[in-house]
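S.K.:
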Amino acid sequence: MKGLGADVVVDYTTQAFETVLRDYDVVLDTVGGDTLGRSLQVLKPGGIVVSIAGPPDPAFAKRAGANPVVRLAIAALSFRVRQRARRRGVRYSYLFMKASGDQLREITTLLDAGTIRPVVDRSFDFTATREALAYVEEGRAKAGKVVIRMTS
């Protein structure tokens, strides 16, 4: 991972990331739940956790054009995490992900240019999909993504 530019490497199977990492400006939470709460601990004052897996927040409800009753319900969903963030002097924001052909084209350009270099643990032909799924389910993938090739 250090070869990919990481300043600090955390082995999530043996280390609690919140005991190793400190003073970050931004955390992108893709897991939610307990991980979201622990992510608040690694931020410096004024930092922000942006989550695609946590509860929606009032700003999301407003952007979505939700009616006042729905806005109130959404505010209640994220009340605890927003309160915990406020106590720590940091912020919480929910980001709704949606499919975007424009973004996929931009990512393709970045991949083709080598700007984004995904880490691939192992590749499988489409005919070996069951083997690939077993490989993932058994936890054998250690560093990177498991890819199923649609063409040979």
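Anchor point for the sequence shown: position 60 equals 1432 in my numbering, and the numbering is continuous, going up by one each time. Ideal Cβ positions, reconstructed from N, Cα and C, are used throughout, including at glycine.
#1: Helix, strand or coil for residue 1434 per DSSP?
#2: Is residue 1457 buried or exposed, if buried means 16 or more other CB atoms sit within 10 Å of its CB?
#3: Check residue 1456 in the structure and name its three-state DSSP category.
#4: Could you tell me if residue 1446 is buried or exposed, where buried requires 16 or more neighbouring beta carbons within 10 angstroms of its beta carbon?
#5: Looking at the unbroken beta strand (DSSP E) that takes in residue 1496, where does it start and where does it end?
#6: DSSP three-state label for residue 1428, please.
#7: In this structure, how does DSSP classify residue 1403 when only helix, strand and coil are distinguished?
#8: Find the nearest neighbour of residue 1388 within the set 1432, 1438, 1419 and 1407, judged by alpha-carbon distance.
#9: Do you know how far the Cα of residue 1487 is from the Cα of residue 1440?
#10: Taking residue 1453 as the reference, which of 1509, 1411, 1521 and 1375 has the closest Cα?
#11: Could you check where the alpha helix (DSSP H) with residue 1473 kicks off and where it finishes?
#12: Relative to the C-alpha of residue 1469, which candidate in 1401, 1498, 1384 and 1416 has its C-alpha closest?
#13: Which same chain residues end up closer than 6 Å to residue 1397 when comparing Cβ atoms and leaving out the 5 residues on each side of it in sequence?
#14: Is the beta carbon of residue 1464 sitting closer than 8 Å to the one on residue 1421?
#15: Assign residue 1415 to one of two classes, buried (16 or more other C-beta atoms within 10 Å of its C-beta) or exposed (fewer than that).
M.R.: A quick look at the data gives this:
#1: helix
#2: buried
#3: helix
#4: buried
#5: 1492-1497
#6: coil
#7: coil
#8: 1407
#9: 43 Å
#10: 1411
#11: 1473-1485
#12: 1401
#13: 1419
#14: yes
#15: buried
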